[in-house]
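Here the sequence shown stands for residues -20 to -1, 1 to 266, where the numbers follow mature numbering (1 follows the signal peptide of the UniProt record, and there is no 0).
The block underneath contains the structure these notes are about, expressed in structure tokens.
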Amino acid sequence: MRLFFLGLMACFTFLFSPHAAEAKRSGGLISYGHYGDLHFVAQTDITRDNTGPLSICVRAKTYHLSFINMWTSPQGYVLAENKCEAESFFDLPPEFLELGKVATMIPASVPDTPFLTAIQYAQGTVGTALIAMLVAVHLLVKFAHSRDSRARRKAKPSQAALSERLLTALCHAAKADGRIDQREIELIADVLHKACGKNYSQSDIYQVIKKAQTNLSEADFCAFGEGLTHKQRMMMVQAVLDTVAADGEVSEPEHRFAIGLAGALDITRSEFLDMLRFVPQPPTHA
């Protein structure tokens, strides 16, 4: 059987000349194309022209873009010299592979269907893997940024909502001592215009003050600053201090209101004392 197979292989190698390793690429700034690779599988007992035993190899076709491997796939078995480190090879049809196994010229462990190992696939698809990784990172970053943006939009009130909260807090501060002072109403209108660009009529502010409650809980104070930044909360407390001092005196209920609001909005003691320095002082009369 071995002699029969050797005779077939002699005829095969005589009739068919060896193939050169293939390579094809485009010109231009970005080159692309494909090339052939031989991957060693096993040594055989087949010889040619006294050059030593031929090796059975998997011939792979690898596509590249600017010399970066994008994709590779097995094309079939071939025979080549020097453990597949050769410039040429002979195709090995499936029927000759089977005959070689029967004749014990090719190891029986050689799979009937050629395949590439995981490492060989990884080497041949590094460009595709890199692109997939970059796309995945881009999508993750985009998703995280989108989620953070939605969270910020959800947490941060609109300008209209901010002005409404500031109006509510200032009107409650003005009502804290149980009296409604015209100077406080005028100051609230001015603060809302400067801070939010919102124009409220004095009659609208008066109506809000009339409806304001004087017995507020800590949760009520916290609600005034919900979703606001620390800077906006400091602005609110400063505006409250200016409002309660607008009539020239700060009563005990107004003082408790300002202290309660500052505590609920996480204003530190030093920040609160600094705000007191900027509260307008009432004019002195001779």
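No residue lacks a Cβ here, since even glycine has one placed at the ideal position from N, Cα and C.
- In this structure, the beta-carbon distance from Leu72 to Leu59 falls below 8 Å.
- For Met216, the enclosing alpha helix (DSSP H) covers residues His210 to Val224.
- Cβ-Cβ distances below 6 Å link Asp157 to Ser231, Pro233 and Glu234 in the same chain, with the five nearest sequence neighbours on each side left out; the list follows chain order.
- Counted as a single uninterrupted DSSP element, the alpha helix (DSSP H) harbouring Gln182 occupies residues Gln182 to Lys191.
- Note that the C-beta distance between Phe95 and Cys64 is not below 8 Å.
- Burial state of Ile26 is buried, judged by a 10 Å Cβ sphere holding 16 or more other Cβ atoms.
- Here Ile48 is exposed. Its C-beta has fewer than 16 other C-beta atoms within 10 Å.
- Taking 8 Å as the upper bound for CB-CB distance, Leu119 and Phe69 are not in contact here, some 43 Å apart.
- The shortest C-alpha to C-alpha distance from Lys191 to any of Val90, Gly240, Met50 and Ala153 is the one to Ala153.
- Pairing Asn62 with Ala116, the inter-Cα distance amounts to about 42 Å.
- Residue environment analysis places Arg127 among the exposed positions, since fewer than 16 neighbouring C-beta atoms fall within 10 angstroms of its C-beta.
- The beta carbons of Tyr101 and Thr42 sit no closer together than 8 Å.
- In the three-state reduction of the DSSP assignment, Gly207 falls in the coil class, being assigned neither a helical nor a strand state.
- Exclusion of the five residues before and after Thr24 leaves Pro33, Leu34, Ser35, Ile36, Leu59, Gly80, Met85, Ile86 and Pro87 as the residues of its chain whose Cβ lies within less than 8 Å of its Cβ.
- For Arg163, the closest alpha carbon among the candidates Gly205, Ile247, Asp222 and Ala40 is that of Asp222.
- In the three-state scheme derived from DSSP, where H, G and I count as helix and E and B as strand, Val82 is classed as helix.
- Approximately 10 Å separates the beta-carbon atoms of Phe237 and Val217; this is outside 8 Å, ruling out the contact.
- Here Met214 is not near Ile239, since their CB atoms are 8 Å or more apart.
- Taking 8 Å as the upper bound for CB-CB distance, Glu198 and Ala244 are in contact here, some 6 Å apart.
- C-alpha of Ser183 to C-alpha of Ala169: approximately 10 Å in a straight line.
- For Val21, the uninterrupted beta strand (DSSP E) run begins and ends at Tyr12 to Thr27, by DSSP.
- Pairing Leu146 with Ala175 gives a Cβ-Cβ distance under 8 Å.
- Ala40 is not a Cβ neighbour of Val90, given a cutoff of 8 Å.
- For a cut-off of 8 Å, the C-beta gap from Ala149 to Val259 is around 16 Å, too long to register as a contact.
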